[in-house]
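Residue numbering for the sequence shown follows my numbering, starting at 4 and increasing by one per position.
Note that beta-carbon positions come from the ideal geometry of N, C-alpha and C, so glycine has one too.
Below is one structure, written out as structure tokens, with a few remarks after it.
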Amino acid sequence: MKHVAIWHEQMGMTPTEIVATYPTITLAQVHAALAYYYDHRDDIQAEIEEERRFVEEMKAKAGPSRLEETLKARKANGSDDTLPPG
């Protein structure tokens, strides 16, 4: 349900676009989810923010990924990041 709210509120998707992108959800379900969201907006926004903070905390604890380290090292070495032809 909060995913529908995020898609609609933060990503600007219309209910019809949500159904087109996620066909396992019906238009009636999208409208029901949005109605629930509008009735409980503060609680749901607080839950979304709490989850965002948790994710950021876990990312900070985990440190950079191998990919991030590799890209940082390449950039520091002046390595060309373009792909070879063909």
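Supposed contact pair residue j and residue i - C-beta distance, whole angstroms, cut 8 Å
i   : j   : result
V33 : I47 : Actually they do not touch by this definition, with Cβ atoms about 15 Å apart.
L37 : V7  : 6 Å
Among the options, nearest to residue i - alpha-carbon criterion
i   : options              : result
Y40 : I9, K62, K78 and T19 : I9
A31 : D42, P18 and H43     : P18
Alpha helix (DSSP H) segment containing residue i, residue limits
i   : result
P26 : Neither: P26 is in no alpha helix (DSSP H) and is coded neither H nor E.
H6  : K5 to A8
E72 : R69 to A79
My parser needs the alpha helix (DSSP H) runs of 4 or more residues fully inside the segment 32–62; what are they? none
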